[in-house]
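Residue numbers (my numbering): 413 to 576.
Glycine is no exception: its CB is placed at the ideal position from the N, C-alpha and C atoms.
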Amino acid sequence: MKRKVVLYNNPLLLKKSAPVREVNAAIQKLAHNLIDTMRANNGVGLSAPQIGMLKRIIAYEYKRPKGSKDITPNVPLRVLINPEIIKLSKKTKVDEEGCLSFPDLFGQVKRSTGIRVRALNSKGKLIEFDAKDFEARIIQHEVDHLDGILFIQKLTDNKLYTYK
Numbered sequence: 413m414k415r416k417v418v419l420y421n422n423p424l425l426l427k428k429s430a431p432v433r434e435v436n437a438a439i440q441k442l443a444h445n446l447i448d449t450m451r452a453n454n455g456v457g458l459s460a461p462q463i464g465m466l467k468r469i470i471a472y473e474y475k476r477p478k479g480s481k482d483i484t485p486n487v488p489l490r491v492l493i494n495p496e497i498i499k500l501s502k503k504t505k506v507d508e509e510g511c512l513s514f515p516d517l518f519g520q521v522k523r524s525t526g527i528r529v530r531a532l533n534s535k536g537k538l539i540e541f542d543a544k545d546f547e548a549r550i551i552q553h554e555v556d557h558l559d560g561i562l563f564i565q566k567l568t569d570n571k572l573y574t575y576k
């Protein structure tokens, strides 16, 4: 079910999320709500705090639009519960980021280009994997949300811009 996205002026976004203790039906429903809300808003990632739940769970995916000249590779749908970034590459890249909680605002953020992640999947199974480039950027952005950190706090030049 699609939920309303919590916007930038809500102090909930600045709070740290609690770990998920058990992957049960309520957590699986929350995961589905994240996916539905992310897709309905044309996002590439969403964290539970962004729909009003201070739980350590994120969902993400990217599907290149048909006929698009975008060369960004597709990123398959994933739900991560209690995600931890256990390794960051030394190589970084500054690139554009936006956020569903900051509609139509974008800025330049420096992130590691590769990460190692440990989390539970939506069935409660422990997984560990490497992510690079766009997928790594999405995960870092969403994990920041779980820690009450917003992308605007990480802008490289303190400038936000909009697209018309």
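Close-in-space but distant-in-sequence residues of the same chain around residue i (CB under 6 Å, 5 per side omitted)
| i | result |
| --- | --- |
| TYR420 | SER513, PHE514 |
| LEU492 | ILE470, ALA531 |
| LYS428 | ASP559, GLY560 |
Paired residues, beta bridge with residue i - DSSP
| i | result |
| --- | --- |
| LYS467 | ALA430 |
| THR574 | LEU517 |
| GLU508 | GLN520 |
Beta-carbon gap between residue i and residue j smaller than 7 Å
| i | j | result |
| --- | --- | --- |
| ILE527 | ALA548 | yes |
| GLY464 | VAL529 | no |
| SER534 | ALA443 | yes |
| ILE550 | VAL456 | yes |
| THR568 | ASP545 | no |
Cβ-based neighbour list, residue i, same chain, cut-off 7 Å, excluding 5 preceding and 5 following
| i | result |
| --- | --- |
| ASN494 | PRO431, VAL432, ARG468, ALA531, LEU532 |
| LYS571 | GLY519 |
| SER459 | ILE470, GLU554, HIS557, LEU558 |
| LYS481 | none |
8 Å CB neighbourhood of residue i in its chain, flanking five on each side removed
| i | result |
| --- | --- |
| PRO488 | GLU473 |
Whole-number beta carbon distance between residue j and residue i, since they are thought to touch under 8 Å
| i | j | result |
| --- | --- | --- |
| THR574 | ASP516 | 5 Å |
| PHE563 | GLU509 | 5 Å |
| LEU424 | PRO461 | 6 Å |
Chain B contact for residue i (CB, 7 Å cutoff)
| i | result |
| --- | --- |
| ALA460 | No chain B is present in this structure, which holds just one protein chain. |
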